[in-house]
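First up is the structure itself, then whatever we jot down about it.
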Amino acid sequence: MSGGAEGKQIRPIRTVVNGAPIEGTVPVRQSLADWLRDGLGLTGTHLGCEQGVCGACTVMVDGEPTRSCIMFAVQADRSEILTIEGLAGTGDSLHPLQEAFSERHGLQCGFCTPGMIMACLGYLNGEGPHSRSGLRRYLSGNLCRCTGYMKILEAVEEAAQQMGVSWS
Amino acid sequence: MKAPAFEYVLPESLAEVHEALSEARASDVVAKILAGGQSLVPLMNFRLARPDRLVDINRIGALRYHDSAAASLRVGALCRHADIEKNRHLVARVGALADAIPLIGHAAIRSRGTVVGSLAHGDSLAEWISLALLLDGTVLLSSTAGERVVPAGEWLQGYLKTAAEDDEIVREASFSLPGDSDGTAFVELARRHGDFCLVSAGAFLALGERGTIASARVVLAGIGPVPFRDQAIESLLAGEPATAETFERVVEALPKSGAQDDVHATAAYRHHAIGVITVRALMTAARRAQDQRR
Numbered sequence: 000m001s002g003g004a005e006g007k008q009i010r011p012i013r014t015v016v017n018g019a020p021i022e023g024t025v026p027v028r029q030s031l032a033d034w035l036r037d038g039l040g041l042t043g044t045h046l047g048c049e050q051g052v053c054g055a056c057t058v059m060v061d062g063e064p065t066r067s068c069i070m071f072a073v074q075a076d077r078s079e080i081l082t083i084e085g086l087a088g089t090g091d092s093l094h095p096l097q098e099a100f101s102e103r104h105g106l107q108c109g110f111c112t113p114g115m116i117m118a119c120l121g122y123l124n125g126e127g128p129h130s131r132s133g134l135r136r137y138l139s140g141n142l143c144r145c146t147g148y149m150k151i152l153e154a155v156e157e158a159a160q161q162m163g164v165s166w167s
Numbered sequence: 000m001k002a003p004a005f006e007y008v009l010p011e012s013l014a015e016v017h018e019a020l021s022e023a024r025a026s027d028v029v030a031k032i033l034a035g036g037q038s039l040v041p042l043m044n045f046r047l048a049r050p051d052r053l054v055d056i057n058r059i060g061a062l063r064y065h066d067s068a069a070a071s072l073r074v075g076a077l078c079r080h081a082d083i084e085k086n087r088h089l090v091a092r093v094g095a096l097a098d099a100i101p102l103i104g105h106a107a108i109r110s111r112g113t114v115v116g117s118l119a120h121g122d123s124l125a126e127w128i129s130l131a132l133l134l135d136g137t138v139l140l141s142s143t144a145g146e147r148v149v150p151a152g153e154w155l156q157g158y159l160k161t162a163a164e165d166d167e168i169v170r171e172a173s174f175s176l177p178g179d180s181d182g183t184a185f186v187e188l189a190r191r192h193g194d195f196c197l198v199s200a201g202a203f204l205a206l207g208e209r210g211t212i213a214s215a216r217v218v219l220a221g222i223g224p225v226p227f228r229d230q231a232i233e234s235l236l237a238g239e240p241a242t243a244e245t246f247e248r249v250v251e252a253l254p255k256s257g258a259q260d261d262v263h264a265t266a267a268y269r270h271h272a273i274g275v276i277t278v279r280a281l282m283t284a285a286r287r288a289q290d291q292r293r
């Protein structure tokens, strides 16, 4: 049968990753997370559960927080992707979320942090009202086994202030 | 935890989807539609599903719509959960949607997962399956042979088993919207937010003169193989005042068997819990119906 049966079907994709146009080919069965990590060397995106539960692999696809472990790379064709590596932009300064996570001790081992920050970006970019309780519900999709979450909540609130996002 | 090999096709039109499914069926190839992939891809990563071919419909933008202009909500095959969630006007109008949608996975799941995909996947604890029963929904299937409509009550036939044939795609789902004197609510009990629930209860109440219940729908999930409308409870509710006393009394008639024991909870716990949340759903639906009349 087709190449699919042997797992060798590959397809071309054209994407923009962290602002840079990228063209390449991907095996159709490769997850977006694996392509980012193994194909592009963007290992900031972490893989925890590989079943869409832990949130560590969260990246932005066309501005929406997305689980990159349960989306195939081939589906990212014609999409814009933002990973933790592209968040701060090109200068030396960090994004307010990164800054706040660092200042407020919103991370310990750091495994969940890239996904956590991309999810928080999704929350802060989303329609309000933004609040502590809304954030707690939102972050139910991202697991952290170190911090107990309190420092993360504080960091996001701090970042919201820096980013001019109204908080109630 | 990587998906097994499959063949990938990316049709540009619904007609091409029909042809791909029809060709697959004729040549004994297991083909699955890939829309949001938020249920299918985890199953593939676990190797619990090994379709030969994925038919990715994400290129067919015309399938990403929802329309609530008429008395029903029509939802196209590519409409994401988040598309409905972001329609503040619609969600404000249908209490059960406002209750249920935030319970579907997490934000990053709802941004990609689709309403129709949830119905097509057919997990008996999925919120949209219960909502389809509660809102008298229908499922529109299409294939090279044409179209057919399946009522929500006949859709789910067992664990991950729906009324769809292998060569059919669920093109659209439709839900009747509640009227001005109707109230709806949806309550579920889950171990963790975003998990599949242990039990859920949906309530629809149409109030008549002096606040008595003109008609009711009660949808229960987690105490049988598939979610169902409890018509015994519904007929007990008809004609009664929409009060806590009524609701506490009628839930005595809920089924006492049908749930299963598992690692998350015992069958007895599920039967107890569904009584509690059914009262909550009915109370909320009644309050919403009363608020609408004012």
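Sequence lines, in order, name chains L and Y.
Just so you know, the first sequence maps onto residues 0 to 167 in numbering that gives the first Met the number 0.
Just so you know, the second sequence maps onto residues 0 to 293 in numbering that gives the first Met the number 0.
From the three backbone atoms N, C-alpha and C, an ideal C-beta is built for every residue, glycine too.
Which whole-angstrom value describes the C-beta separation of residue i and residue j, a residue pair presumed to lie in contact below a C-beta threshold of 8 Å?
i: residue 113 (chain L); j: residue 43 (chain L); result: 5 Å
i: residue 283 (chain Y); j: residue 94 (chain Y); result: 7 Å
i: residue 184 (chain Y); j: residue 98 (chain Y); result: 6 Å
i: residue 288 (chain Y); j: residue 236 (chain Y); result: About 12 Å; that fails the 8 Å criterion.
i: residue 194 (chain L); j: residue 66 (chain L); result: Because residue 194 (chain L) is not part of the residues shown, which for chain L are 0 to 167, the question remains open.
Going straight from the alpha carbon of residue i to that of residue j, what length do you get?
i: residue 6 (chain Y); j: residue 33 (chain Y); result: 12 Å
i: residue 31 (chain L); j: residue 58 (chain Y); result: 17 Å
i: residue 85 (chain L); j: residue 199 (chain Y); result: 41 Å
i: residue 10 (chain Y); j: residue 56 (chain Y); result: 6 Å
i: residue 45 (chain Y); j: residue 30 (chain Y); result: 18 Å
i: residue 147 (chain L); j: residue 216 (chain Y); result: 41 Å
i: residue 2 (chain Y); j: residue 90 (chain Y); result: 35 Å
i: residue 25 (chain Y); j: residue 42 (chain Y); result: 25 Å
i: residue 291 (chain Y); j: residue 273 (chain Y); result: 27 Å
i: residue 3 (chain L); j: residue 36 (chain Y); result: Low per-residue confidence applies at residue 3 (chain L): pLDDT is 47, beneath 50, and the placement is therefore not dependable enough to give any value.
i: residue 187 (chain Y); j: residue 91 (chain L); result: 47 Å
i: residue 157 (chain Y); j: residue 263 (chain Y); result: 21 Å
i: residue 269 (chain Y); j: residue 70 (chain L); result: 34 Å
i: residue 107 (chain Y); j: residue 154 (chain Y); result: 27 Å
i: residue 151 (chain L); j: residue 9 (chain L); result: 40 Å
i: residue 203 (chain Y); j: residue 133 (chain Y); result: 7 Å
i: residue 119 (chain L); j: residue 214 (chain Y); result: 43 Å
i: residue 29 (chain L); j: residue 105 (chain L); result: 31 Å
i: residue 67 (chain Y); j: residue 230 (chain Y); result: 27 Å
i: residue 232 (chain Y); j: residue 180 (chain Y); result: 20 Å
i: residue 12 (chain Y); j: residue 175 (chain Y); result: 28 Å
Hey, does residue i have any beta-carbon neighbour from chain Y nearer than 8 Å?
i: residue 70 (chain L); result: yes
i: residue 139 (chain L); result: yes
i: residue 228 (chain L); result: Outside the displayed span of chain L (0 to 167) sits residue 228 (chain L), for which this structure offers no information.
i: residue 30 (chain L); result: yes
i: residue 1 (chain L); result: Note that residue 1 (chain L) scores 45 on pLDDT, short of 50, meaning its location in the model is unreliable; the coordinates nonetheless yield the value given after this. Yes, residue 1 (chain L) lies at the interface with chain Y (some Cβ there is under 8 Å from its Cβ).
i: residue 197 (chain L); result: Chain L is shown from 0 up to 167; residue 197 (chain L) falls before or after that span and cannot be answered.
i: residue 90 (chain L); result: no
i: residue 118 (chain L); result: yes
i: residue 66 (chain L); result: yes
i: residue 146 (chain L); result: no
i: residue 57 (chain L); result: yes
i: residue 51 (chain L); result: yes
i: residue 27 (chain L); result: yes
Nearest chain L C-beta to residue i closer than 8 Å, yes or no?
i: residue 136 (chain Y); result: no
i: residue 106 (chain Y); result: yes
i: residue 289 (chain Y); result: no
i: residue 193 (chain Y); result: yes
i: residue 147 (chain Y); result: no
i: residue 37 (chain Y); result: yes
i: residue 10 (chain Y); result: no
i: residue 101 (chain Y); result: yes
i: residue 40 (chain Y); result: yes
i: residue 110 (chain Y); result: yes
i: residue 1 (chain Y); result: yes
i: residue 185 (chain Y); result: no
Name the one or two DSSP bridge partners that residue i has.
i: residue 10 (chain L); result: L:25
i: residue 203 (chain Y); result: Y:183, Y:216
i: residue 66 (chain L); result: L:57
i: residue 52 (chain Y); result: Y:6, Y:30
i: residue 198 (chain Y); result: Y:188
i: residue 79 (chain L); result: L:15
i: residue 66 (chain Y); result: Y:73
i: residue 228 (chain Y); result: Y:218
i: residue 141 (chain Y); result: Y:146, Y:168
i: residue 79 (chain Y); result: Y:113
i: residue 71 (chain L); result: L:30
i: residue 155 (chain Y); result: Y:161
Report task. Check whether the region 150-165 of chain Y touches the region 186-197 of chain Y, taking contact to mean three or more Cβ pairs, one atom from each stretch, closer than 8 Å. Result -> no
Query raised in the report: Per the contact definition of three or more C-beta pairs closer than 8 Å, is the region 124-143 of chain Y in contact with the region 235-254 of chain Y?
Result: no
Query - Cβ contact (3+ pairs, closer than 8 Å) linking the region 92-110 of chain L and the region 146-164 of chain L - result: yes
**Report entry** the region 25-40 of chain L touching the region 109-127 of chain L, judged by at least three CB pairs closer than 8 Å
**Finding:** Fewer than three beta-carbon pairs drawn from the region 25-40 of chain L and the region 109-127 of chain L are found closer than 8 Å, and the two stretches are therefore not classed as touching.
Query raised in the report: With a cut-off of 8 Å, do at least 3 Cβ pairs link the region 217-234 of chain Y to the region 120-133 of chain Y?
Result: Touching, yes.
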